[in-house]
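Just below is one structure, and these are the notes that go with it.
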Amino acid sequence: MSSHGHPGLERLERRLGPRTRGRVAATALGALLGLGGVAIGIALHSITSGASYAQLVGAVALAMLLGGVPAGIGATVVGWGLGAFIVEDPSWSSVFADRDELLRWATSLLAAAVVVGVGWAMRRGHERAAVAAVEAERSRRRLEAIQELTAGLSAAVRPADVAEVLARGVVEALGARRGSFGLVEGDELVVAESGDGAGPSRSPVRVPLSIRTPLAAAAREGHVVWVERRAELVRAFPDAAGGAGAGSALAVPVRRGGVVIGGMAVDFRESGAVTLERRAVATLAAELGAQALERARLYELERLEAERNGRLQSLTAALAVSLVPADVAAIVREQGIGTAGADAVAVHLVSESGEALELEGASGVDTTSLDRVGRLPLERDSALATAFSRGRASFHPSLATLHPDDPLQPALEAEGLVSAALFPLGASRRVHGVLLLGWRTAQALAPDDRAFAGTFASQSGQALDRAIRYESERTIAETLQQSVLPQALPEVDGVTFAARYLPGEAGVDVGGDWYDAFALADGSIALVVGDVVGKGVQAAATMGQLRNSLRAFASEHNDPGKVVRRLSRMVDALPEAPFATLAYLVLDATRRRCRYVVAGHPPPLLVTPSGTAAYLEEGRSLPLGVDGDAPVEVAEAVLEPGATIVLYTDGLVERRDASLDEGLERVRHTAGSVSASPDTLIDHVLRGVFDGVERDDDVAMLVVRLEPTRSDTLDLQLPADHEGLRRMRAALAEWLADLGADTDLRHDVLLAAWEACANAVEHAQGPASATFSLHASREGALVRVRIADTGSWRGQSGGAGERGLGLPLMRGLMDRVDIVHAGDGTVVVLERRLDAPGSARPAASAGVFADTRAGTTQS
Amino acid sequence: MSDATTTHEQPAVEAIRHSTDVAVLVIHGQADLHTAPELREQLHGVIDGGAFHVVVDLTDATFVDSMTLGVLLGGVKRLRPQGGQLRVVVTQPGLRRIFEITLLDRVFTLFPTREAALDRL
Chain C
1 MSSHGHPGLE RLERRLGPRT RGRVAATALG ALLGLGGVAI GIALHSITSG
51 ASYAQLVGAV ALAMLLGGVP AGIGATVVGW GLGAFIVEDP SWSSVFADRD
101 ELLRWATSLL AAAVVVGVGW AMRRGHERAA VAAVEAERSR RRLEAIQELT
151 AGLSAAVRPA DVAEVLARGV VEALGARRGS FGLVEGDELV VAESGDGAGP
201 SRSPVRVPLS IRTPLAAAAR EGHVVWVERR AELVRAFPDA AGGAGAGSAL
251 AVPVRRGGVV IGGMAVDFRE SGAVTLERRA VATLAAELGA QALERARLYE
301 LERLEAERNG RLQSLTAALA VSLVPADVAA IVREQGIGTA GADAVAVHLV
351 SESGEALELE GASGVDTTSL DRVGRLPLER DSALATAFSR GRASFHPSLA
401 TLHPDDPLQP ALEAEGLVSA ALFPLGASRR VHGVLLLGWR TAQALAPDDR
451 AFAGTFASQS GQALDRAIRY ESERTIAETL QQSVLPQALP EVDGVTFAAR
501 YLPGEAGVDV GGDWYDAFAL ADGSIALVVG DVVGKGVQAA ATMGQLRNSL
551 RAFASEHNDP GKVVRRLSRM VDALPEAPFA TLAYLVLDAT RRRCRYVVAG
601 HPPPLLVTPS GTAAYLEEGR SLPLGVDGDA PVEVAEAVLE PGATIVLYTD
651 GLVERRDASL DEGLERVRHT AGSVSASPDT LIDHVLRGVF DGVERDDDVA
701 MLVVRLEPTR SDTLDLQLPA DHEGLRRMRA ALAEWLADLG ADTDLRHDVL
751 LAAWEACANA VEHAQGPASA TFSLHASREG ALVRVRIADT GSWRGQSGGA
801 GERGLGLPLM RGLMDRVDIV HAGDGTVVVL ERRLDAPGSA RPAASAGVFA
851 DTRAGTTQS
Chain S
1001 MSDATTTHEQ PAVEAIRHST DVAVLVIHGQ ADLHTAPELR EQLHGVIDGG
1051 AFHVVVDLTD ATFVDSMTLG VLLGGVKRLR PQGGQLRVVV TQPGLRRIFE
1101 ITLLDRVFTL FPTREAALDR L
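Residue numbers (the working numbering), protein chains in the order written: chain C, 1 to 859; chain S, 1001 to 1121.
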């Protein structure tokens, strides 16, 4: 039976162990030699009729040497004495009576004792030497076996190799009949066995950990187990089927970091073969094995990790380019094979009606045999439906874990699949289908396999979700645009438009947002952005109705207030009483004015060309459908050339994670930070607002910009310094270019204005913050530039030659120059006709070297 | 004024000694009241440095204001006592007209190219 290491027992064994086997044989031999001694005694006596004691001593010595053990000696002495007694029939008295005889006997016995002692000592020494030699030989062999085992283990890279090498190596090292090696996996033991011959090892088998074998006992209990006798073996370990033919058995636990992870067992043909020595070797081999296993495990993990990473990378790469759900499913089927070793992959997608799961396709199996789960109503009790509706993965190491009525079970069985895992396919709250992985060999589906397959499924699900959303977004957007949103934005000179409609990302319901832009009969432009509260078909229908009504009302009334009031009454009268908000603007592009009404809608944003963005906060009215008789306030805004109006729906400014004010401010800030075309502005704002954030709601945007058209006037107010002069020159040059004036005229006007402004700057008086102003206008074919400063030209009429040329130059370049000295400054008016090409008209009155005071008009 | 000149990529006024008694001043870009002090300095420099005649090349100038004309006029006054000439190279009609308007074409001799201006000096 099993026995724990007991110190006393071990000591005893260490002393007796090597000789135990020879004890009986030696005793028998001694007895034999003793009988031989008797025979010799008799023979000697009969020949010599009275053996000399020397002869007797010789016989005894011979017997001693041959017998060699105390038992043999005893038997010899007894045999010799008996022989002497029988042959001589001596009377013991004569011996004790005759002193000589007694002395002879004593001497003889003493000599015999000496010989016995010497013989015993020799025998003992010889025996020790022999034992040592045997021991040395055994150690050498064991060392060799251990070395071989170590070498074999270092070459083993997979845990299965380690198990096999260990099982075989231990058999050799211990001279055992068979060896086995088992690793604990859950409540099972994966056992590799080595046969006693050179035959190939069988593949590992799984047995319950509770099985009654020495191996399982060692692995379970974590200590050395050994059995010395066959009977005991059969009694204590009835499950040790391989034990038939075994006389004794030994099993040691295998540990990793103090934790028992398995066991190693050997059995021997003979009984009592489990020596301390063998136990020590077995323990050492188990330690070596544990180290090798750890190494192999790490290697295996690394390899597995690399393989998994490779798989995921190739999956990600393949999925990145697929935008159609069918493509995604095909990639998942293709790449799924081999994921966590899977032999079969099937993808089910939810049907359009949302009532059933439909087999999209499968790989690694014959799809016809999956027909019985080709269309699976969600109310059916199946693991597939559960994975879909609960959005949770389920693992089935054996099909027995499936519900008996689950149609999946026969389908998988028909394909020879014995293990399966099911994963919902989708992203966050949206599940679109189920991924099935199947295996033809039973799988434990260890946590890391589950995790990896889960990652695979999650990546696939996200790609599928992306593809499906992309498709549905596109479909919705297309449908909406076709039905409600304008086919094209109007084309108006000097006005550019851009618009966008983005459906919400969270759901696929059609929203009630819309925008519209159309030209009115008087040349102004109607701009609308609206939002019907609610989602779906009803909201879309109302939206269409509102849009059409607004177009009709707008054609009848120029006043946006009247249009909105009629619209409000109309909505009020609708039976389902919807509720809508609206921003309606009528833009007069030529006068750069717009009149607007904001009915419960977030305020339109006005962006100036210099990048100042401000909301149009006036013209606020109640939302449509609240009170059809409520007054409607109309506001008016004046726009600069280059100004941009941004209309939008609340989806742009309302976010779950931020307040409305934050949203408005974000839009205002983003829109003001860019000077770009309406199209670019929309992109910029959408990026700035939804940077990585999912849109909860749909968004409509309409952006209109008044192009900075050729302006008939130019107004400048500049500091009276050199920088102001330079800016004047640049601005005026641009304005003149915009007028389409020819090069000469541009040059002449620019130089004349420059001279006037230079004077203004040169003679600016008063505070350091003095300014000058320039107003340029075109009236028909006449260009007029008016320059005013805060200084006076009097008393500085260019006595110095260098400065005196300005006025004659102005007069020469212009058709007319008027200089007016007002109370607080000087005003110069320059005029030049566009149609009369400039010709050199020497300013006759302006003598170059004379005083250049020109004729001036005092006001 | 220095900030005005630094805005020019190249020096607004470039002085070239043509021969022992002839200097050439090339004016680039906008010659206005910002660059006038520099022009004045260069002009006086070459005259004080011994130039008998000065050629002012306005071929590369884009804008010439009255202040620049005044500086040139000052140059003429300095050259006159020694009998030296100030010749102006002006190719653009717009610039030429400035001289005509101010009657300065009668004070300076205008030439269409630098070669012509340097001829027979």
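Just so it is clear, CB atoms sit at the ideal spot from N, CA and C, and this is done for glycine as well.
Paired residues, beta bridge with residue i - DSSP
i, result
"ALA613(C)", "VAL607(C)"
"ASP1057(S)", "VAL1026(S) and VAL1089(S)"
"GLU1014(S)", "VAL1026(S)"
"PHE268(C)", "SER248(C)"
"GLU636(C)", "ARG595(C)"
"GLY438(C)", "ALA344(C) and ALA420(C)"
"VAL586(C)", "ALA526(C) and ARG595(C)"
"LEU826(C)", "The amino acid occupying residue 826(C) in the given sequence is Thr; Leu does not appear at that position. The partner list for THR826(C) (beta bridge, DSSP) reads HIS821(C)."
"ASP715(C)", "HIS775(C)"
"THR496(C)", "ARG705(C)"
Closer than 7 angstroms to chain S by CB, residue i
i, result
"GLU755(C)", "yes"
"PRO808(C)", "yes"
"GLY799(C)", "Confidence is the limiting factor: at GLY799(C) the pLDDT is only 40, short of 50, which leaves the residue's position unreliable, though a coordinate-based value still follows. No, no contact with chain S."
"GLN796(C)", "Confidence at GLN796(C) is low in this model, with a pLDDT of 45, below 50, so the placement of that residue is unreliable and no value is reported for it."
"ALA870(C)", "No answer is possible for residue 870(C): it lies beyond the span of chain C, which begins at 1 and ends at 859."
"GLY855(C)", "With a pLDDT of 38 at GLY855(C), under the threshold of 50, the modelled position of this residue cannot be trusted, and the question is left open."
"ASP744(C)", "yes"
"THR852(C)", "Low per-residue confidence applies at THR852(C): pLDDT is 36, beneath 50, and the placement is therefore not dependable, though the value from the model is reported in the following sentence. Chain S contact via Cβ: absent."
"LEU940(C)", "Beyond the ends of chain C as shown, which are 1 and 859, falls residue 940(C); an answer cannot be given."
"HIS775(C)", "no"
"GLU747(C)", "Sequence inspection shows His at residue 747(C); the Glu mentioned does not correspond to that position. True, the Cβ-Cβ gap to chain S drops below 7 angstroms."
"LEU530(C)", "The question names Leu, but residue 530(C) in the sequence shown is Gly. False, the Cβ-Cβ gap to chain S never drops below 7 angstroms."
Any chain C beta carbon closer than 7 angstroms to residue i
i, result
"HIS1034(S)", "yes"
"ILE1101(S)", "yes"
"PHE1108(S)", "no"
"GLY1070(S)", "yes"
"ASP1021(S)", "no"
"GLY1029(S)", "no"
Contacts of residue i in chain C (Cβ-Cβ under 8 angstroms)
i, result
"THR1059(S)", "In chain order: nothing, as chain C lies at least about 16 angstroms away."
"LEU1025(S)", "Chain C residues near LEU1025(S): none, gap ~16 angstroms exceeds 8 angstroms."
Within chain C, partners of residue i - CB distance below 7 angstroms
i, result
"LEU1086(S)", "Under the 7 angstroms cutoff, chain C gives no residues; its nearest Cβ is about 14 angstroms from LEU1086(S)."
Chain-ordered neighbours of residue i on chain S, where CB pairs are closer than 9 angstroms
i, result
"GLY724(C)", "By Cβ distance, chain S contributes nothing, its closest Cβ being about 12 angstroms from GLY724(C), past 9 angstroms."
"ALA758(C)", "ASP1032, LEU1033, ASP1065, SER1066 and MET1067"
"LEU751(C)", "PHE1063, VAL1064, ASP1065, SER1066, GLY1094 and ILE1098"
Contacts that residue i makes with chain S (C-beta to C-beta distance below 7 angstroms)
i, result
"HIS684(C)", "Within 7 angstroms Cβ-Cβ: nothing; HIS684(C) doesn't reach chain S, min ~33 angstroms."
"LEU736(C)", "Here the premise fails: no neighbours, minimum Cβ distance about 13 angstroms."
"LEU813(C)", "ILE1101"
"LEU805(C)", "SER1066, LEU1069, GLY1070 and THR1102"
Residue i: contacting residues in chain C (beta-carbon distance under 9 angstroms)
i, result
"ALA1047(S)", "Strictly speaking, residue 1047(S) in this sequence is Ile, with Ala absent from that position. Neighbours of ILE1047(S) on chain C: none; closest Cβ ~16 angstroms, over 9 angstroms."
"PRO1037(S)", "Near PRO1037(S) there are no residues of chain C at all, since even the closest Cβ is about 11 angstroms away, more than 9 angstroms."
Per-residue contacts from residue i into chain S (C-beta, under 8 angstroms)
i, result
"GLY740(C)", "Simply none; closest approach about 17 angstroms."
Does the region 449 to 457 of chain C come close enough to the region 337 to 350 of chain C that 3 or more CB-CB pairs lie under 8 angstroms? yes
Identify each residue in the region 289 to 315 of chain C for which the Cβ-Cβ distance to at least one residue of chain S is less than 7 angstroms, and report them in chain order. none
Whether or not the region 804 to 819 of chain C and the region 752 to 759 of chain C are in contact is what I'm after, with contact meaning three or more pairs of Cβ atoms, one per stretch, closer than 8 angstroms; do they touch? yes
Are there three or more Cβ pairs, one per stretch, closer than 8 angstroms when the region 138 to 158 of chain C is compared with the region 282 to 295 of chain C? yes
With 9 angstroms as the limit, tell me which residues of the region 549 to 562 of chain C have their beta carbon closer than that to any beta carbon of chain S; keep them in chain order. none
Can you confirm whether the region 419 to 426 of chain C touches the region 387 to 396 of chain C when touching is taken to mean that 3 or more C-beta pairs between the two stretches lie within less than 8 angstroms? yes
For the pair the region 1013 to 1027 of chain S and the region 1050 to 1057 of chain S, tell me if three or more CB-CB distances fall below 8 angstroms. yes
Whether or not the region 821 to 828 of chain C and the region 1111 to 1121 of chain S are in contact is what I'm after, with contact meaning three or more pairs of Cβ atoms, one per stretch, closer than 8 angstroms; do they touch? no
So, does the region 603 to 613 of chain C touch the region 635 to 644 of chain C, judging by three or more C-beta pairs under 8 angstroms? yes
Are the region 185 to 196 of chain C and the region 307 to 314 of chain C touching, with three or more C-beta to C-beta distances below 8 angstroms? no
If contact is defined by three or more beta carbon pairs under 8 angstroms, each pair taking one atom from either stretch, is the region 580 to 591 of chain C in contact with the region 515 to 525 of chain C? yes
Closer than 8 angstroms is the cut-off here; do at least three beta carbon pairs connect the region 179 to 186 of chain C with the region 207 to 219 of chain C? yes
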